[in-house]
Amino acid sequence: MFEARLVQSSILKKVLEAIKDLLNEATFDCSDSGIQLQAMDNSHVSLVSMNLRSDGFDKYRCDRNISMGMNLGSMTKILKCAANEDVVTMKAQDNADTVTFVFESPNQEKVSDYEMKLMNLDQEHLGIPETEYACVVRLPAGEFARICRDLSQFGESVVISCTKEGVKFSSAGDIGSANIKLAQTSNVDKEELAVTVEMQEPVTLTFASRYLNSFTKATSLSNVVQLSMSPDVPLVVEYRIGEIGHIRYYLAPKIED
Amino acid sequence: SRLQPFLKDFYVPH
Numbered sequence: 091m092f093e094a095r096l097v098q099s100s101i102l103k104k105v106l107e108a109i110k111d112l113l114n115e116a117t118f119d120c121s122d123s124g125i126q127l128q129a130m131d132n133s134h135v136s137l138v139s140m141n142l143r144s145d146g147f148d149k150y151r152c153d154r155n156i157s158m159g160m161n162l163g164s165m166t167k168i169l170k171c172a173a174n175e176d177v178v179t180m181k182a183q184d185n186a187d188t189v190t191f192v193f194e195s196p197n198q199e200k201v202s203d204y205e206m207k208l209m210n211l212d213q214e215h216l217g218i219p220e221t222e223y224a225c226v227v228r229l230p231a232g233e234f235a236r237i238c239r240d241l242s243q244f245g246e247s248v249v250i251s252c253t254k255e256g257v258k259f260s261s262a263g264d265i266g267s268a269n270i271k272l273a274q275t276s277n278v279d280k281e282e283l284a285v286t287v288e289m290q291e292p293v294t295l296t297f298a299s300r301y302l303n304s305f306t307k308a309t310s311l312s313n314v315v316q317l318s319m320s321p322d323v324p325l326v327v328e329y330r331i332g333e334i335g336h337i338r339y340y341l342a343p344k345i346e347d
Numbered sequence: 030s031r032l033q034p035f036l037k038d039f040y041v042p043h
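Listed in order, the protein sequences are those of chains A and B.
Per the working numbering: the first sequence = residues 91 to 347.
Per the working numbering: the second sequence = residues 30 to 43.
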């Protein structure tokens, strides 16, 4: 038996919003420790890794490990049926071929359940080693979304250049070029408004703006986004999911032809 | 121009 209850169904809605731009379907791997998801986008260029810890749920029970392959379009339709203030419970029997979503209004006067067919997905998992990154930048998630949106008007690529002074985002194309420099915040009153750089060595890397824009669909999950970069390895874009977990996106830097 | 590598060029499937 698997059962996971979240008082804030809006978290699940936001998680889905954060992944459905990149993925059509995904396997939710449920175990005693929580729910994990790892999937590459269709083009195998980027990867989504999500973790929701069992202790972050209001109730969590997972007697046997269960992998639930879900069509994210169908899941979106079902979660649209939940009000933001509803309590959501996901349930499945062991070896089940369906999952049930139960939505309860805060006053318990309305209870709805939606059963969704599961899919057998043959998804490849990649082993991602623990990595020390040359630069780790934290900045307001809304600012990062704005920068990605603004720069994608100029070109297909965004150059991210990080030094101890700050971080610079650049793009160039047919209409011209654009540079956005963010200085490291000198005095931090509020962490969610700060720009911070932890740097071992300066790094300059080039990324596809289309994917960066897709990653920013997670903006509503967190006030802060963390970018981890090293020369010649994939960028990690991480958003915390409240007190319950995180979502990470991986994207390899473009290389010279 | 620049090429976009696949993630499998960096991480091993398991």
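C-beta: ideal position from N, C-alpha, C; glycine also.
| query | Who are the Cβ neighbours of Asn-262 (chain A) in its own chain at under 7 Å, not counting the five residues just before and after it? | reply | A small correction: the amino acid at residue 262 (chain A) is Ala; Asn does not occupy that position in the sequence shown. Answer for Ala-262 (chain A): Phe-244, Gly-245, listed in chain order.
| Can you round the beta-carbon distance between Met-130 (chain A) and Leu-36 (chain B) to whole angstroms, since I take them to be within the 8 Å contact cut? | 6 Å
| said: Less than 8 Å between the C-beta atoms of Lys-149 (chain A) and Leu-32 (chain B), yes or no? | reply: no
| request: Could you round the C-beta distance between Val-178 (chain A) and Leu-96 (chain A) to whole angstroms and report it? I think they count as a contact, below 8 Å. | output: 5 Å
| task | Mind listing the chain B neighbours of Ile-345 (chain A)? Cutoff is C-beta to C-beta under 7 Å, in chain order. | result | Arg-31, Leu-32, Pro-34
| message | According to DSSP, Phe-297 (chain A) sits in a beta bridge with which residue or residues? | response | A:Val-248
| query | Residues in its own chain within less than 8 Å of Asp-203 (chain A) by CB, not counting five upstream and five downstream? | reply | Thr-190, Phe-191, Val-192, Phe-193
| request: At 7 Å on the CB atoms, spell out the chain B contacts of Pro-324 (chain A), in chain order. | output: Leu-36, Phe-39
| If Val-326 (chain A) sits next to Arg-338 (chain A), beta carbons under 8 Å apart, how far is it from one beta carbon to the other, in whole angstroms? | Beta-carbon to beta-carbon, Val-326 (chain A) and Arg-338 (chain A) are separated by about 6 Å, close enough to satisfy the 8 Å threshold.
| task | Quick one: using the 10 Å Cβ neighbour count with 16 as the cut-off for buried, is Ser-133 (chain A) buried or exposed? | result | exposed
| task | Would you list the one or two residues that DSSP bridges to Thr-166 (chain A)? | result | According to DSSP, which records beta bridges pairwise, Thr-166 (chain A) is partnered with nothing at all.
| task | Whole angstroms is fine: what's the gap from Gly-146 (chain A)'s alpha carbon to His-336 (chain A)'s? | result | Here the C-alpha atom of Gly-146 (chain A) lies approximately 11 Å from the C-alpha atom of His-336 (chain A).
| query | DSSP puts Glu-346 (chain A) in a beta bridge; with which residues? | reply | B:Arg-31
| request: Quick one: using the 10 Å Cβ neighbour count with 16 as the cut-off for buried, is Ser-267 (chain A) buried or exposed? | output: exposed
| request: Can you tell me which of the three DSSP states Glu-93 (chain A) falls into? | output: strand
| query | Rounded C-beta distance between Leu-315 (chain A) and Ala-186 (chain A)? I'm assuming under 8 Å. | reply | Before going on, a small fix: residue 315 (chain A) reads as Val here, not Leu. So it is not a contact: roughly 36 Å between Cβ atoms.
| request: Determine the contact status of Ser-310 (chain A) and Glu-107 (chain A), defining contact as a CB-CB distance below 8 Å. | output: yes
| task | Counting only runs of 3+ residues fully inside the segment 270-319 of chain A, write out the beta strand (DSSP E) ranges in chain order. | result | Along the length of the segment 270-319 of chain A, whole beta strand (DSSP E) runs at least 3 residues long occupy 286-289, 293-298, 314-319, reported in chain order.
| message | Run through chain B and tell me which residues come within less than 9 Å of Thr-296 (chain A), C-beta to C-beta. | response | Within chain B, the residues Arg-31 have their CB atoms less than 9 Å from the CB of Thr-296 (chain A), given in chain order.
| query | Is Ile-265 (chain A) buried or exposed, if buried means 16 or more other CB atoms sit within 10 Å of its CB? | reply | exposed
| said: Just verifying my parser: in three-state terms, what is the DSSP assignment at Glu-115 (chain A)? | reply: strand
| message | Which same chain residues end up closer than 6 Å to Ser-318 (chain A) when comparing Cβ atoms and leaving out the 5 residues on each side of it in sequence? | response | Tyr-223, Val-226, Val-326
| As assigned by DSSP and simplified to three states, the class of Asp-203 (chain A) | Strand.
| query | What residue range is occupied by the uninterrupted beta strand (DSSP E) comprising Ser-99 (chain A)? | reply | Segment 99-109 is the alpha helix (DSSP H) holding Ser-99 (chain A); no beta strand (DSSP E) there.
| message | Give me the residue from A:Gln-126, A:Val-287, A:Gly-163, A:Asn-303 with the minimum Cα distance to His-215 (chain A). | response | A:Gln-126
| Three-way DSSP call (helix, strand, coil) for Gly-335 (chain A) in this model | Three-state DSSP puts Gly-335 (chain A) in a strand.
| task | Identify the continuous beta strand (DSSP E) that holds Leu-127 (chain A) and give its terminal residues. | result | 124-130
| For Cys-152 (chain A), which residues does DSSP report across the bridge? | A:Phe-92
| request: Report buried or exposed for Gly-124 (chain A), applying the criterion of at least 16 other Cβ atoms within 10 angstroms of its Cβ. | output: The residue in question, Gly-124 (chain A), is buried, as its Cβ has 16 or more Cβ neighbours within 10 Å.
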